[in-house]
Structure formats: structure tokens, C-alpha cells
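This report concerns only the one structure given below.
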């Protein structure tokens, strides 16, 4: 986020844990090593120790200090996915609805709530959904669903909570759960059953491998002008999700890392994905989407010198 960050702590013990984490962060040379540090240190402290991240007008966002994923961002106070923030701000006022699908603990839900009349957040993991409720359930205009986004609503599927990171939780699919992973059942929701007919919504999709099924379930919403922010992971050289979207000639794809830049082919997308451990966010919509046109205008205005 562009706004200034402020951190508060759930207890004096949490502040001490945070200070120790800062030291560990400087020693860790990889994301995986830092994650092990964070989880190991957390065994010596209250598991509910947390840092509360506050950004401008957004609601406070609570991050557990044994969380090796989110504390990386809280520690350095670095903007988290500023390319997504840019799209949200460009779309504010152009659509009443933002959908945060694969919402995790609600970072983008809390950031979107002041910008849109209505926010719908969906998270599949029961444990993570509880954290989402804690961060966002009381916010005006926010509706929460515990479900998995998929091609059709009403299916019951197996969901895998990976033991190393909640951010990598996924539907089981063809990849079995690991020995230390925890599984649970979850009911599916299709995007077309979330977005009301005639509403062009801004939809953020981060569903760890189920993107194509989710996009299949959004056929009506996308045909009616909804705009998709989706992840194409750096460890996928085939750019599977982007290739699926580019197969439809009426779709247009963009990067929002440095303005809204057209992505005409897979080679252009692949060239941007330099980090195999990172998920890259792209924007997709039908070429004639009025919401896409409004977002492009928003980017153009923000690029003008003041």
C-alpha cells in the first residue's frame, strides 16, 4: 500500500517476539529458512501473539507472529502487492463490488472495504476463515463465505491445509496431501453465483491451482464486463492460466506492475516472471468491458504529472 504503515502489538510478549523475528529475518537467506525460524520461535511464545498492521483508512489487519508468510511483509513494512493496490484504486468508484476470492485472512478485503460499496470475500480453509472473520466480519458492506471457488456451486471437495504455509492451501485435485498436511471438506461456489447479473465486478482470484475451474464458473460475469485480477505463478513456465485466457480472442491481459501494460502473448508474460517463488498478478477482461476502460483511465490519471 502507498499509505504509511503503523504497527501495534497484542501484548508486551508480542513486541519481544517481533524484535527477535527482525533479527532472525536478517539471518535468513531464503524464504523457507525464515519460515522455519518464525515457526520455531513461535513455539516459545503465546500462539495468539500478533502484530496489528494499520494502513491509512483501511481496517487493522491482525497477523500472528508465528506466521512465516505474513510476517515477512509486516517486518519490513514493505508495500504488499502494490500492483493489486493500483488496480483497486483505479476501479474505486467505477464498480460497486469487489470480490476477494481465496481471501486468506482478509488483507485485500480490509483494504477494499473503504473503496467499494460491497465486498464479498471467500476462503476455503476453516482455520483461515476464522482469522478472516476476526479481521473483516464487522466491516460495513462486507460479506464472508467459507467455500471453495470452482466451476459449479454445490460440490463437496477435499481441501488441503499444507503444514508449511496457509498461503499454499489448495483443493486436493491430482496432488495428494502430505503426511503432515490437514484435510477437510468444503462446498464449492461459482463466481457467477456470487456476482449479481448486470454487475461488472472487480474480482481478485487467488485459488492455488483451481484458477481455470474458477474462470469457467465466471463465464457470465466476465461476459458482462467484470475484470479479473489473477495470479500466474513464477514456477509455471507454461503460464497455464494466462494461456487459457489468451485462447479466447476477446480477452485482453495486462500487467499492472508499472502502469497498465498489455500482455499480448505468453512470451511477454513469461519474461516478467523472474522469481520462481513468487506469484505474479495480472489483469484480464473482455476487450469491450466498460469497467476495464474505467480502470485504464484511472491508471492514465495517476500517471499524469501533478
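Numbering (our numbering), first residue to last: 20 to 325. We put the beta carbon where it would ideally sit given N, CA and C, even for glycine.
query	result
For residue 24, tell me which candidate among 33, 80, 281 has the shortest Cα-Cα distance.	80
Considering only the alpha carbon of each residue, which of 138, 27, 37 lies closest to residue 214?	138
Name the DSSP beta bridge partners of residue 141, please?	120, 164
Thinking residue 211 and residue 229 are a contact (beta carbons under 8 Å), I'd like their distance in whole angstroms, please.	With 8 Å as the limit, residue 211 and residue 229 do not qualify as a contact, their Cβ atoms being about 15 Å apart.
Only counting runs of 3 or more residues, tell me where the beta strand (DSSP E) segments fall wholly within the region 212-253, in order along the chain.	221-224, 246-252
How big is the Cα-Cα spacing for residue 260 and residue 314?	22 Å
Using only the alpha-carbon positions, how far apart do residue 223 and residue 61 sit?	31 Å
Look at the Cβ atom of residue 56, then the Cβ atom of residue 69, and state whether they are nearer than 9 Å.	no
With which residues is residue 278 paired in a DSSP beta bridge?	276
How would you call residue 124, buried or exposed, if buried means at least 16 neighbouring beta carbons within 10 angstroms?	buried
Please classify residue 305: does DSSP put it in a helix, a strand, or coil?	strand
Helix or strand or just coil, what does DSSP make of residue 80?	strand
Would you call the region 266-277 and the region 88-95 in contact, with 3 or more CB pairs under 8 Å?	no
To the nearest whole angstrom, what separates the beta carbons of residue 87 and residue 54, a pair I think is in contact under 8 Å?	3 Å
Pick helix, strand or coil for residue 311, following the three-state DSSP scheme.	helix
Counting C-beta neighbours from all protein chains within 10 Å, is the total for residue 271 16 or more, i.e. buried, or is it exposed?	buried
Using alpha carbons as the reference points, say which of 126, 242, 275 lies closest to residue 249.	275
Starting from the Cα of residue 77, find the closest Cα among 135, 64, 65, 31 and give me that residue.	135
Closest to residue 67 by C-alpha separation, out of 111, 99, 258, 34, would be which residue?	34
If residue 131 and residue 107 are in contact, beta carbons under 8 Å, what's the gap, nearest whole angstrom?	6 Å
Can you have a look at residue 148 and say buried or exposed, based on whether 16 or more other CB atoms are within 10 angstroms of its CB?	buried
If I follow the unbroken alpha helix (DSSP H) through residue 27, where does it start and stop?	Looking at the DSSP string, residue 27 is not in any alpha helix (DSSP H); the run it does join, the beta strand (DSSP E), is 24-28.
What would DSSP say about residue 174, mapped onto helix, strand or coil?	coil
Determine the direct distance from the alpha carbon of residue 247 to that of residue 208, and round the result to whole angstroms.	17 Å
Alpha carbon to alpha carbon, how far is residue 85 from residue 58? Give it in angstroms, no decimals.	5 Å
Among 317, 310, 65, 37, whose alpha-carbon lies nearest the alpha-carbon of residue 217?	310
Taking the beta carbon of residue 202 as the centre, do at least 16 other beta carbons fall within 10 Å, making it buried, or is it exposed?	exposed
What's the C-alpha gap between residue 5 and residue 232?	The structure shown has nothing for residue 5, since the chain only spans 20 to 325.
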